[in-house]
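Working notes, structure below.
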Amino acid sequence: MASPTTEQKRTPQPRSNRDERLLLADGEIFWRDRHDWLLKAGKAIISCEDGVPLIPTTVIDATRAADGEVVVIKRIQKSYHQYESAIGRYLTSPPLSDDPRNRCCPILDVLQDPLNDDFELLVMPLLRRYNDPKFETVGEAIEFFRQALEGLQFMHEHHVAHRDCMTLNIMMDPKPILPDLFHFSLSRKTRDYKGYIKPSTRTAHPVRYYWTDFGLSRRYNSDDTNPLEVPIFGGDKSVPEFNKDPHSPCNPFRTDVYYVGNLIREDFLQVYKNLGFMEPLVTRMVQDAPEKRPTMDEVVTKFKEITSKLDPSHILTHRSSHDRSSTSTSYSCPEL
Numbered sequence: 004m005a006s007p008t009t010e011q012k013r014t015p016q017p018r019s020n021r022d023e024r025l026l027l028a029d030g031e032i033f034w035r036d037r038h039d040w041l042l043k044a045g046k047a048i049i050s051c052e053d054g055v056p057l058i059p060t061t062v063i064d065a066t067r068a069a070d071g072e073v074v075v076i077k078r079i080q081k082s083y084h085q086y087e088s089a090i091g092r093y094l095t096s097p098p099l100s101d102d103p104r105n106r107c108c109p110i111l112d113v114l115q116d117p118l119n120d121d122f123e124l125l126v127m128p129l130l131r132r133y134n135d136p137k138f139e140t141v142g143e144a145i146e147f148f149r150q151a152l153e154g155l156q157f158m159h160e161h162h163v164a165h166r167d168c169m170t171l172n173i174m175m176d177p178k179p180i181l182p183d184l185f186h187f188s189l190s191r192k193t194r195d196y197k198g199y200i201k202p203s204t205r206t207a208h209p210v211r212y213y214w215t216d217f218g219l220s221r222r223y224n225s226d227d228t229n230p231l232e233v234p235i236f237g238g239d240k241s242v243p244e245f246n247k248d249p250h251s252p253c254n255p256f257r258t259d260v261y262y263v264g265n266l267i268r269e270d271f272l273q274v275y276k277n278l279g280f281m282e283p284l285v286t287r288m289v290q291d292a293p294e295k296r297p298t299m300d301e302v303v304t305k306f307k308e309i310t311s312k313l314d315p316s317h318i319l320t321h322r323s324s325h326d327r328s329s330t331s332t333s334y335s336c337p338e339l
């Protein structure tokens, strides 16, 4: 056989893509190495599919061995998120789990990783992004606001500050609108990957929303009426007090109020025309001065007052691209 020419040696050879090479990312190797242990322990059967990348690799879907329930397993590193497991279990165990306002993602099981003492595996229900599919009526939006606000009020009542309550950290139980669920990595596909999902509406089949991810959360003593924490940036980087001075301790409960107010402002008020009834309350929640923001008790009380006489059946109306780029903060509500 003739040896390669010098030119051939210098020419980079095309590399096959990830799927063709059947290579796993480091995070996927983590789950591969624990597949047999989970199976033998009778805990869960991890879903393994060639050619479908796992993103993010810290969470994977599985089937619970005891009852066939589809769940997710999240890997947490205790040295980085030392309170996540304890706070999650505190909030989702009796008697707190019996409170109808509780909107914290249930922790179904906590497993010590068999290969690394610094890792724990949290078993939780399979949830879906809260705004997929899109909201259709004013009533659907109001119900989301109610659950999100009451859920955060509940956490604060039990002296827990979430500290990262942004758009990716509130999710919904999809079963009422998607009884056959969906593909974990490709959420618009059916679970068997053979077709596309066809969700029902939230109006016909109401859903529950859950606050998730307690990695930055903290629980405080009941007698500490003004806990202070050095800022830690979560997913929402716009917190005024953090950007003003990232080194001065702040009250995390006041920051939570900003977070959820800003979520409503960005995901709803800047997207839909006819939710103007929320604008005065949200404006108070996102004030630059933390001490001027209402508490979550005050937020929920005011929310109930302003929504008690609304007609929830109106269809949500999207803003035009011009409306969204406008600096105006006036949100008219002619349809209501």
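Heads up, the numbering used here is the position in the sequence shown plus 3, with the first residue counted as 1. We put the CB at the ideal spot given by N, CA and C, even for glycine. These numbers were taken from a predicted model, which means no experiment stands behind them.
- Task: Under 8 Å by Cβ, that's how I've got residue 153 and residue 303 pegged, so tell me the actual separation to the nearest angstrom.
- Result: Right, their Cβ atoms sit about 6 Å apart.
task: Kindly confirm or deny that the stretch 242-258 and the stretch 203-217 touch, where touching means at least three C-beta pairs closer than 8 Å.
output: no
Supposed contact pair residue 48 and residue 66 - C-beta distance, whole angstroms, cut 8 Å
In this structure residue 66 is in contact with residue 48, their Cβ atoms being roughly 5 Å apart against a cut-off of 8 Å.
Requested in this report: Put residue 151 into one of helix, strand or coil per three-state DSSP.
Outcome: helix
Residue 319 burial status per 10 Å Cβ neighbour count (16 or more: buried) = buried
Q. Whose C-alpha, out of 142, 210, 108, is nearest the C-alpha of residue 128?
A. 108
Closest to residue 122 by CA distance: which of 84, 92, 316, 45 is it?
84
key: Endpoints, the alpha helix (DSSP H) within which residue 47 is located   = Note, residue 47: premise wrong, no alpha helix (DSSP H); beta strand (DSSP E) at 47-49.
Q) Which whole-angstrom value describes the C-beta separation of residue 172 and residue 140, a residue pair presumed to lie in contact below a C-beta threshold of 8 Å? A) The pair is not a contact, with the Cβ atoms about 24 Å apart (cut-off 8 Å).
- Query: Quick one: Cα of residue 295 to Cα of residue 156, how far?
  - Reply: 17 Å
- Item | Secondary structure of residue 321, DSSP reduced to three states | In the structure shown, residue 321 sits in a strand (DSSP, three-state: E or B).
Inset, instruction - In the DSSP assignment, find the unbroken beta strand (DSSP E) run with residue 380 in it and report its ends. - result: Shown here, the chain extends from 4 to 339; a query on residue 380 therefore has no answer.
Exercise. Taking the CB atoms as reference points, tell me whether residue 235 and residue 202 lie closer together than 8 Å.
Key: no
Count the other C-beta atoms from every protein chain shown that fall within 10 angstroms of the C-beta of residue 18, then say buried if there are 16 or more, exposed otherwise. Model confidence at residue 18 stands at a pLDDT of 40, short of 50, so the residue's coordinates are unreliable and nothing is read from them.
What residue range is occupied by the uninterrupted beta strand (DSSP E) comprising residue 166?
Here residue 166 belongs to no beta strand (DSSP E), and DSSP marks it neither H nor E.
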